[in-house]
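Enquirer:
There are 2 protein chains.
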Amino acid sequence: MSGRVIVVGLGPGNPAQITPQVSRAVNLATDIIGYFPYLKRIIPKKGVRFHPSDNRFESERAKHALDLAEAGSIVLIVSSGDPGVFAMAAALFEVLEKNSLKWDNINIEILPGITAMMAAAARVGAPLGHDFCAINLSDNLKPWSIIEKRIRSAVDADFAIAFYNPRSISRPEGFQKTLRLLKLYCQSDRPVVFAKAVSTKEEKIMTVPISKARPDMADMRTIVIVGSSQTRIIQQNGREWIYTPRSYLS
Amino acid sequence: MSGRVIVVGLGPGNPAQITPQVSRAVNLATDIIGYFPYLKRIIPKKGVRFHPSDNRFESERAKHALDLAEAGSIVLIVSSGDPGVFAMAAALFEVLEKNSLKWDNINIEILPGITAMMAAAARVGAPLGHDFCAINLSDNLKPWSIIEKRIRSAVDADFAIAFYNPRSISRPEGFQKTLRLLKLYCQSDRPVVFAKAVSTKEEKIMTVPISKARPDMADMRTIVIVGSSQTRIIQQNGREWIYTPRSYLS
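If you're matching them up, the sequences are chains A and B in order. Quick note: the first sequence uses our numbering, first residue 9, plus one each step. Quick note: the second sequence uses our numbering, first residue 9, plus one each step.
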C-alpha cells in the first residue's frame with residue numbers, strides 16, 4: 009500500500025504564521041523529514057519518527073520521503089517559508105522525475121506557507137506593492153552570468169527585487185557583485201531593506217539607501233528587498249515605512 | 009486617544025490557509041473594513057462594526073480606516089491573499105503619505121497572508137521553484153507600454169511569471185496583448201497555468217502550452233502562471249505536475 013508525501017511551509021519563524029492547514033498535516037504525519045533547524049520548530053507527537061538532515065541534502069531528503077511513502081508512511085517534508093519558493097517542492101519533483109514509475113502510486117500534496125519576502129515586506133510597509141521579482145543568490149545553482157543578466161533585466165523592468173539567500177559562507181562574492189551592479193544601475197537613494205531572521209526573536213531589520221548598502225549587512229538568514237524607482241519612504245508615529253505605490257507614473 | 013489599523017491578508021479563499029496571527033487580529037478588531045466579498049469570509053463577532061465597500065474604493069477605504077483609528081477604534085482592513093501584493097497595504101500608505109501629520113499617532117501593522125500565486129503554484133507542483141516575477145495586469149494603474157516592457161524583460165531574464173488580475177471586464181484587451189507577446193517570445197510548448205478561484209469550492213485549474221492559451225481562459229479571479237524555459241511537466245499517479253528545477257542549465 010502506497011502512502012503520502014506532504015510538502016509543507018512553516019513560514020519564516022513565528023508559529024502564529026503557520027496555517028491551520030499545515031498544522032493539521034503535521035498531526036497526520038507518521039514521519040517528518042527536513043533540515044534539522046526546521047524540525048526543531050515542530051513539537052514532536054508521540055510515535056512520530058523525525059528524520060533531521062543537514063543542509064544541501066535536498067535530493068537525498070526527497071528520495072528518503074518517497075521511499076518511506078512507498079512503504080506506506082504518511083511523510084511530511086518540512087520547508088521554511090513557502091515550500092514552492094527556492095525550497096523542497098522543486099527538489100521533490102526533480103527526484104520524482106528521474107524515477108516516476110517507481111513512485112507512481114504515492115499521493116503527493118504541496119501546502120503553501122508565508123514566504124520570507126512577504127513577511128519582511130509586511131514588517132517595513134509594502135515595498136512589494138507593485139510588480140516585483142524574486143531572485144535566489146544561493147551558490148552552485150546557476151552561473152553568475154545568469155544572475156547578472158537577471159539583475160539587469162529586473163532593474164530595466166523597474167521591478168522591486170527580493171533576494172533570497174544573499175550571502176553564503178562558501179561564496180560571499182555573489183552578493184558583493186550584486187550590490188556593485190545595483191549601485192551602477194539605480195539612483196543612489198534607492199531604498200534597500202535588510203531583513204534578518206524575520207518574525208523570530210532575533211529579527212533585525214534595517215533600511216539604507218543603495219549607496220550605503222554593504223555586503224556584510226546580509227547573511228544567509230537575511231532577505232534583501234530593493235525598491236523600484238517609485239518606492240517611497242514615509243515617517244509616521246516615530247518610525248519609517250517603505251512602500252511602492254500601486255500605480256506607475258512614467 | 010489614537011487607535012490602531014491592522015491590515016491583514018485572508019489568503020486566497022480556504023479558511024484553513026488563514027494564519028492564527030490574522031485570526032487573532034480579527035478577534036481584536038472593533039471595526040472591519042474591506043471589499044464586501046472579503047468581509048463575507050469573516051464570521052461577525054458581537055458588537056463589531058462591518059464596513060463593506062465596493063471594488064475600486066481602496067483609497068476611500070484606507071482613509072475611512074485611518075479616521076476611525078484616529079477616533080480610537082481598532083480597525084482591521086481586510087485583503088484577499090497577502091495585503092502587500094497588489095492589495096490594501098500600499099493603498100493605505102498612499103493615503104497616509106498625503107496627510108501623515110493628521111494620522112501620526114495611529115499604530116499601524118501589516119500581517120502577511122498566503123498570496124494567490126503561491127497557493128496556485130502549490131496546487132500544480134512548483135512552477136515558481138526558481139527565480140520568478142509577479143506582474144499586475146489590472147487596468148488604469150500603469151500604461152500598457154510599461155507592462156509590455158516588463159513582459160519583454162521578464163522573458164529575457166527567463167523568469168517564471170505570475171500574472172495577477174489578468175482580465176478585467178472594462179479592459180479585456182490587456183491580457184489578449186499579453187498572450188500575443190508571450191507567443192512571440194516563448195517556445196510554443198511553454199506551459200501556462202490558469203488557476204481560477206484557487207483553494208475555493210469553485211477552483212478550476214488548467215495547464216496548456218502557450219500556443220493553445222486563449223484570453224477567455226482567464227477572468228479576474230484567475231492567476232496565470234507562465235513557466236520559464238526550464239519549466240517541466242511530469243506525469244505521476246494519474247495527474248500532471250508542473251515544476252521549475254532549482255538549478256539553471258544554460
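All C-beta atoms, glycine included, are put in the ideal place defined by N, C-alpha and C. Note that the coordinates shown come from a computational prediction; the quantities given were computed from them, not determined experimentally.
Taking Cβ-Cβ distances below 8 Å as the criterion, which residues of the region 240-256 of chain B are in contact with chain A?
Expert: Here the close residues are Arg240, Ile242, Gln243, Gln244, Asn245, Trp249, Tyr251, Thr252, Pro253, Arg254, Ser255 and Tyr256.
Enquirer: Please confirm whether Glu105/A has its beta-carbon closer than 8 Å to some beta-carbon of chain B.
Expert: For the purposes of this step, residue 105/A is taken as residue 97 along the first sequence, with counting starting at 1. Answer yes: the Cβ-Cβ gap between Glu105/A and chain B drops below 8 Å somewhere.
Enquirer: When you compare the CB of Cys141/A with every CB in chain B, is at least one pair closer than 8 Å?
Expert: On the first sequence, position 133 is the one that residue 141/A refers to. Interface residue, yes.
Enquirer: Whole angstroms is fine: what's the gap from Ser10/A's alpha carbon to Glu117/A's?
Expert: Here residue 10/A refers to the residue found at position 2 when the first sequence is read from its first residue. Here residue 117/A refers to the residue found at position 109 when the first sequence is read from its first residue. Each residue's Cα considered, the two are about 14 Å apart.
Enquirer: So the candidates are Ala205/B, Thr239/B, Ile143/B and Gln244/B; which of them puts its Cα closest to the Cα of Asp227/B?
Expert: As a working note, residue 227/B is residue 219 in the second sequence. Looking at the Cα atoms, Ala205/B is the closest of the given residues.
Enquirer: Along chain A, which residues have their Cβ under 7 Å away from the Cβ of Thr123/B?
Expert: The residue you call residue 123/B lines up with position 115 of the second sequence. Under the 7 Å cutoff, chain A gives Met126.
Enquirer: Taking the alpha-carbon of Ser108/B as reference, which of Ile26/B, Glu211/B, Lys220/B and Lys71/B has the nearest alpha-carbon?
Expert: Translated into the one-based positions of the second sequence, residue 108/B becomes position 100. For Ser108/B, the nearest C-alpha among the options comes from Lys71/B.
Enquirer: Pull the bridge partners of Ala203/B from the DSSP assignment, please.
Expert: Against the second sequence, residue 203/B aligns to sequence position 195. DSSP, once it has assigned bridges, lists Ile213/B and Ile231/B as partnering Ala203/B.
Enquirer: Taking only the alpha-carbon atoms, compute the straight-line gap between Asp166/B and Ser219/A and give it to the nearest angstrom.
Expert: The residue given as residue 166/B occupies position 158 in the second sequence. The residue given as residue 219/A occupies position 211 in the first sequence. Straight-line Cα distance between these residues: approximately 28 Å.
Enquirer: On a Cα-Cα basis, can you pick out the residue from Ile51/B, Pro180/B and Gly55/B that is closest to Ser31/B?
Expert: One-based indexing of the second sequence puts residue 31/B at position 23. Comparing Cα positions, the closest option is Ile51/B.
Enquirer: Along the region 144-172 of chain A, where does the CB come closer than 7 Å to a CB of chain B? Name the residues.
Expert: Cβ contacts with chain B come from Asn144, Leu149, Lys150, Pro151, Ile154, Lys157, Arg158, Ser161, Ala162, Asp164, Ala165 and Phe167.
Enquirer: When DSSP labels each residue in this structure, what does His138/A get in the three-state scheme?
Expert: Translated into positions along the first sequence, residue 138/A becomes position 130. His138/A falls in the coil class under three-state DSSP.
Enquirer: Within 10 angstroms of its Cβ, does Asp90/B collect 16 or more other Cβ (buried), or is it exposed?
Expert: Translated into the one-based positions of the second sequence, residue 90/B becomes position 82. By the 10 Å Cβ count, Asp90/B comes out buried.
Enquirer: Quick check: the Cα distance between Asn245/A and Asn115/A, rounded to an integer number of angstroms?
Expert: Residue numbering aside, residue 245/A sits at position 237 when the first sequence is read from its first letter. Residue numbering aside, residue 115/A sits at position 107 when the first sequence is read from its first letter. If I take the Cα positions, the gap works out to 50 Å.
Enquirer: Using a Cβ-Cβ distance under 8 Å, would Glu102/B count as near chain A?
Expert: Taking the first residue of the second sequence as 1, we reach residue 102/B at position 94. Yes, Glu102/B counts as interfacial toward chain A.
Enquirer: Would Val56/B and Ile40/B qualify as a contact pair, given that the criterion is a beta-carbon distance under 8 Å?
Expert: Position 48 of the second sequence, counted from the first residue, corresponds to residue 56/B. Position 32 of the second sequence, counted from the first residue, corresponds to residue 40/B. Yes, these two residues count as a Cβ contact at 8 Å.
Enquirer: If we require 3 or more residues per run, which beta strand (DSSP E) segments fall completely within the region 86-116 of chain B?
Expert: You should have found no qualifying run.
Enquirer: Give the DSSP-derived three-state secondary structure of Pro28/B in the structure shown.
Expert: One-based indexing of the second sequence puts residue 28/B at position 20. Three-state result, Pro28/B: helix.
Enquirer: With a threshold of 8 Å on Cβ separation, who are the neighbours of Gln184/A within its own chain once the five nearest residues in sequence on each side are excluded?
Expert: Against the first sequence, residue 184/A aligns to sequence position 176. Within the same chain, Gln184/A has close Cβ partners Pro223.
Enquirer: From the DSSP output, which residues share a beta bridge with Val15/B?
Expert: Within the second sequence, numbered from 1, the residue matching residue 15/B stands at position 7. Partner(s): Ile85/B and Ile118/B.
Enquirer: Taking Cβ-Cβ distances shorter than 7 Å, what residues in chain A pair up with Ile114/B?
Expert: For the purposes of this step, residue 114/B is taken as residue 106 along the second sequence, with counting starting at 1. Simply Asn245.
Enquirer: Check this for me: beta carbons of Gly17/A and Gly182/A, under 8 Å apart or not?
Expert: Along the first sequence, one-based indexing puts residue 17/A at 9. Along the first sequence, one-based indexing puts residue 182/A at 174. Result no, Cβ atoms of Gly17/A and Gly182/A do not sit closer than 8 Å.
Enquirer: To the nearest angstrom, report how far apart Ser196/B and Arg240/B are at their CA atoms.
Expert: Sequence index remark: in the second sequence, residue 196/B carries index 188 (1-based). Sequence index remark: in the second sequence, residue 240/B carries index 232 (1-based). Taking the straight line from one Cα to the other gives about 14 Å.
Enquirer: Compute the distance between the beta-carbons of Trp249/B and Phe101/A, then report whether it is under 8 Å.
Expert: Residue numbering aside, residue 249/B sits at position 241 when the second sequence is read from its first letter. Residue numbering aside, residue 101/A sits at position 93 when the first sequence is read from its first letter. Cβ atoms of Trp249/B and Phe101/A: closer than 8 Å.
Enquirer: Which bits of chain A does Asp227/B rub up against, with CB to CB less than 9 Å?
Expert: As a first step, residue 227/B must be located in the second sequence, where it is residue number 219. Chain A residues near Asp227/B: none, gap ~20 Å exceeds 9 Å.
Enquirer: Taking C-beta to C-beta, are Val200/A and Ile213/A nearer than 8 Å?
Expert: To locate residue 200/A, count along the first sequence from 1; it is residue 192. To locate residue 213/A, count along the first sequence from 1; it is residue 205. No, Cβ-Cβ distance for Val200/A and Ile213/A is not below 8 Å.
Enquirer: Please report the straight-line C-alpha distance between Ala98/A and Asp75/B, rounded to a whole angstrom.
Expert: Position 90 of the first sequence, counted from the first residue, corresponds to residue 98/A. Position 67 of the second sequence, counted from the first residue, corresponds to residue 75/B. Cα to Cα, Ala98/A sits roughly 46 Å from Asp75/B.
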